[in-house]
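Take a look at the structure below.
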Amino acid sequence: MITVQIIPIIEDNYAYLIQSEDGTTAILDAGEASPIIDVLEERGLTPDYILTTHHHWDHVNGNSKIKAKYNAKIAAPEKEAPLIKGGVDITLKDGDIFTLGQDKAQIIETAGHTMGGICFYFKESGIIFTGDSVFSLGCGRLFE
24 MITVQIIPII
34 EDNYAYLIQS
44 EDGTTAILDA
54 GEASPIIDVL
64 EERGLTPDYI
74 LTTHHHWDHV
84 NGNSKIKAKY
94 NAKIAAPEKE
104 APLIKGGVDI
114 TLKDGDIFTL
124 GQDKAQIIET
134 AGHTMGGICF
144 YFKESGIIFT
154 GDSVFSLGCG
164 RLFE
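Read in order, the letters of the sequence shown correspond to residues 24 to 167 in this note's numbering.
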C-alpha cells in the first residue's frame, strides 16, 4: 500500500509525495520545485522518481531542479517525452506497469487534455493519479 501526501504548489495546483511501504519515494507532477523540496527536506526524504502525467508547465516546471538535487529518475508519457522538462529516463505507455518499490501502478493513457497524458493507477491501494484528465465543477479544458 502506498501513502500519499498532498503538496500545494503554484497558487492552485498540487504535487504528490508517494511512498511505498519499503520507503521507495516518488513525487508526482512536480510543477514547482521549492515547496516540494521543503517537504522532502523536512521529512528527510530523497525521491527515487519524479512521475509526470503530462507535459504542461504546471506539472513539469520543478522536474529539472528536483532531478538535479536528488538524482531522481523522471518517468513520463512516451508520447510526450520530448516535451517533458528535465529529460525523461523512463517512458510509459498504455498498459505498462510502473513499479514503485513493492507497489505497482498500471499506466492508463488518457488523451484529451493532452494527446499523450497518462494516469497512474495503484490498484491495490485504490488510488489513481489522473493529472488533469478528470475535472470537477467545470474546471479544465480539452486542449489537444
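Quick reminder that beta carbons are idealized off the backbone N, C-alpha and C, glycines included.
Discussion item. What does the alpha-carbon distance come out to for the pair Y72 and L123?
Written reply: 8 Å
Worksheet entry | Whole-angstrom distance between G54 and G140, CA atom to CA atom | 15 Å
Fill in: Residues bridged to S27 [DSSP beta-bridge criterion]
The sequence given here places Val at residue 27; Ser does not occur at that position. Partner(s): I41.
Fill in: Close Cβ partners of T26 (< 6 Å) along its chain, the five nearest in sequence each way excluded
Q42
Discussion item. So the candidates are L63, E44, T47; which of them puts its Cα closest to the Cα of I29?
Written reply: L63
Worksheet item: Which same chain residues, not among the five before or five after S87, have their C-beta less than 6 Å away from its C-beta?
Response: K108, G109
Discussion item. Distance check for A128 and G118, CA to CA, integer angstroms please.
Written reply: 10 Å
Fill in: Three-state class that DSSP yields for K146 in the structure shown
helix
Worksheet entry | Burial state of I32 (16 or more Cβ within 10 Å) | buried
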